[in-house]
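S.K.: Heads up: the protein sequence lines correspond to chains Z and R, in order. Residues 1 to 251 in the UniProt record's numbering are what the first sequence lists, from first letter to last. Residues 1 to 251 in the UniProt record's numbering are what the second sequence lists, from first letter to last.
There are 2 protein chains.
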Amino acid sequence: MSDYVYNLLKKHHSVRSFKKDPVSEESVKQLIEAGQSASTSSYLQAYSIIGIDDPEVKEDLKEVSGQPYVVENGYLLVFVMDYYRHAIVNENSKNDMSTSFESAEGLLVGTIDAALVAQNIATTAEDMGYGMVYLGSLRNDVERVREILELPEHTFPLFGMALGIPADNENGSPKPRLPIEHVFHQNKYNSDKEVQRRALSAYDQTVSKYYASRTNGERSETWSEQISNFMSAKQRLDMLEQLNKSGFIQK
Amino acid sequence: MSDYVYNLLKKHHSVRSFKKDPVSEESVKQLIEAGQSASTSSYLQAYSIIGIDDPEVKEDLKEVSGQPYVVENGYLLVFVMDYYRHAIVNENSKNDMSTSFESAEGLLVGTIDAALVAQNIATTAEDMGYGMVYLGSLRNDVERVREILELPEHTFPLFGMALGIPADNENGSPKPRLPIEHVFHQNKYNSDKEVQRRALSAYDQTVSKYYASRTNGERSETWSEQISNFMSAKQRLDMLEQLNKSGFIQK
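1) At the level of alpha carbons, what is the spacing between residue 182 of chain Z and residue 126 of chain R?
2) Quick one: does residue 96 of chain Z have its CB under 7 Å from some CB of chain R?
3) Any contact of the stretch 208-221 of chain R with the stretch 73-88 of chain Z, i.e. 3+ C-beta pairs under 8 Å?
4) What are the complete beta strand (DSSP E) segments, minimum 3 residues, inside the stretch 155-242 of chain Z?
5) Leaving out five residues on either side along the sequence, give the residues of the same chain with a beta carbon under 6 Å from the beta carbon of residue 17 of chain R.
6) Within 7 Å of any Cβ in chain Z, is that where the Cβ of residue 63 of chain R sits?
7) Let me see if you follow: with CB-CB separation under 7 Å, is residue 69 of chain R close to chain Z or not?
8) Would a check of beta-carbon distances place residue 196 of chain Z closer than 7 Å to chain R?
9) Can you pull the chain Z residues whose beta carbon is under 8 Å from the beta carbon of residue 30 of chain R, in chain order?
10) Which residues in chain R sit within 9 Å of residue 18 of chain Z, going by Cβ to Cβ distance?
11) Taking the beta carbon of residue 82 of chain R as the centre, do at least 16 other beta carbons fall within 10 Å, making it buried, or is it exposed?
12) With distances taken between CB atoms, is the gap from residue 96 of chain Z to residue 48 of chain R smaller than 7 Å?
13) Between R:84, R:40, R:27, R:139, which has its C-alpha nearest residue 132 of chain Z's C-alpha?
14) Contact criterion: CB-CB distance below 7 Å. Does residue 179 of chain R meet it with respect to chain Z?
15) Among Z:198, Z:212, Z:38, Z:237, which residue has its Cα nearest to the Cα of residue 175 of chain Z?
16) So, helix, strand or coil for residue 4 of chain R, using DSSP?
17) I think residue 153 of chain Z touches residue 84 of chain Z, with their Cβ atoms under 8 Å apart; what is that distance to the nearest whole Å?
18) Would you call residue 38 of chain R buried or exposed, if buried means 16 or more other Cβ atoms sit within 10 Å of its Cβ?
19) My guess is that residue 139 of chain R and residue 239 of chain R are in contact by the Cβ rule of under 8 Å, so how many angstroms apart are they, rounded?
20) Please determine if the stretch 88-104 of chain Z and the stretch 16-31 of chain Z are in contact, where contact requires at least 3 C-beta pairs separated by less than 8 Å.
21) Taking 7 Å as the CB-CB cut-off, is residue 123 of chain Z touching chain R?
22) Should residue 129 of chain R be labelled buried (16 or more other beta-carbon atoms within 10 Å of its own) or exposed?
23) Among all the DSSP beta bridges, which residues are the ones paired with residue 18 of chain R?
24) Looking at the structure shown, is residue 137 of chain R part of a helix, part of a strand, or coil, going by DSSP?
25) Report yes if the C-beta distance between residue 124 of chain Z and residue 6 of chain R is below 7 Å; otherwise report no.
26) By the DSSP assignment, the beta strand (DSSP E) with residue 49 of chain R in it spans what residues?
27) Less than 7 Å between CB atoms is the rule here; does residue 236 of chain Z satisfy it with respect to chain R?
28) Please report the distance separating the alpha-carbon of residue 204 of chain R from that of residue 222 of chain R.
29) In this structure, how does DSSP classify residue 82 of chain R when only helix, strand and coil are distinguished?
30) Are there 16 or more other CB atoms within 10 angstroms of the CB of residue 219 of chain Z, so buried, or fewer, so exposed?
31) Tell me where the alpha helix (DSSP H) around residue 28 of chain R begins and ends.
32) What separation, rounded to the nearest whole angstrom, lies between the Cα atoms of residue 193 of chain Z and residue 88 of chain R?
33) Is DSSP giving residue 97 of chain R helix, strand or coil here?
34) By the three-class DSSP mapping on this structure, what secondary structure does residue 130 of chain Z have?
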């Protein structure tokens, strides 16, 4: 009974500072193959991956994201929900498949498919010695990302991933997660608010102490404070419009 | 440069036939911890996991899914998009966070968060010697799943996972994936339909041969035929309604 992967995953932390060394072509190929090996809903494989090493494309995407590590990395990936190839099959079919990818079900399937692929790639990359960070910030301007990557209809850019050898001064560490009893329920959901509040309160102290120790006391906000500030900022309220425009959630 | 995870993932195939042996409590705990270690969008951790060993709960979920392995497994997990705890934080906050989880952006964040956690669990389980299969079929009747698991508002059951020691007669093998040049694009998306059609045509033959060899020639459909039939069946067209009812995609 191996605990190799368990130990690898427990060490995970996002890396945002990379050496300039490019990820080799051979490694990229292995990463994509590992990604493709993930389970896929009903064999649909409703995703594509754009691999980016062109500095101009990286610069353009950095303008969308605002994060320097969109340019400064060993390799950049963008994960796309993709029913373009299914639409091509549909062109020559007497069956009407459009409902399948224009429905909210199609959105869930494509999003989950792409995320499973991405997480396989993340785990494989970390095992190879690379660091990685996800880039939800590409959703700041979906229309611009579609232009930059020339994405056709029936596709949608979900998120990116920057990869590379961690910089020498990179000193990230795993961030404390919610207590296990908070996210893990046995046989049915425990929605008792008092139980949840108690667990959150203990966790808030853990997170506050974590930040304080990492910043010599400069930051000390709790998890509740952090998510309250973040979630009230009303970000990316155009997402439904962007999904609609790209052909998703039509019915 | 380790290729341990690469080799593990390349061997992945879904297992649908398990021994009766339960997954030990210690293993379940390790799996949940490995899941929680996944990256999470803006630290939101917008998911919960329901672990199920109660035979009655399994029976109820099997009625929704229609798959025998929802009952016959070593352990069952259900992955839930979860903003219930964020809503609790919101109750005592002067900030209004509701837009964040009622928007399409909130749906993407929660779905991706849950899928990353699930794929960490899948990989860790396979490394431990277990087999697994995802259960999108729980979305056949979201309302019933909500009842069975007593899910509160601001949560949504996305998919399940059956786990266990593969049965002695289990003989699955990795199913051929789309050719790498079909899902992997360099620097921008290649939407040339002729290129895509050629790749699909070659892949169709690969899939047809795979099925024929696995079934002594009884099955031999191509990928295009399979997805065309599946995707025209108009399944789960209530998903947007179900998401709306659970508080998602309100704006």
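Glycine residues also receive a C-beta, built at the ideal position from the N, C-alpha and C atoms.
M.R.: This is what the structure gives:
1) 25 Å
2) yes
3) With a cut-off of 8 Å on Cβ pairs, the stretch 208-221 of chain R is not in contact with the stretch 73-88 of chain Z, counting fewer than three such pairs.
4) 155-164, 184-186
5) 167, 170
6) Residue 63 of chain R does not count as touching chain Z.
7) Contact of residue 69 of chain R with chain Z is not assigned, every C-beta pair being separated by 7 Å or more.
8) In terms of beta-carbon proximity, residue 196 of chain Z lines the interface with chain R, with at least one pair separated by less than 7 Å.
9) Chain Z residues near residue 30 of chain R: 3, 6.
10) Under the 9 Å cutoff, chain R gives no residues; its nearest Cβ is about 16 Å from residue 18 of chain Z.
11) buried
12) Taking 7 Å as the Cβ cut-off, residue 96 of chain Z and residue 48 of chain R do not qualify as a contacting pair.
13) R:40
14) Chain Z contact via Cβ: absent.
15) Z:212
16) helix
17) 7 Å
18) buried
19) 7 Å
20) Contact check between the stretch 88-104 of chain Z and the stretch 16-31 of chain Z: fewer than three CB pairs, one atom from each, fall below 8 Å, which does not count as touching.
21) yes
22) exposed
23) R:166
24) helix
25) Judged by beta-carbon spacing, residue 6 of chain R lies within the 7 Å limit of residue 124 of chain Z, meaning their Cβ atoms are closer than that value.
26) 47-52
27) yes
28) 5 Å
29) strand
30) exposed
31) 25-36
32) 7 Å
33) coil
34) coil
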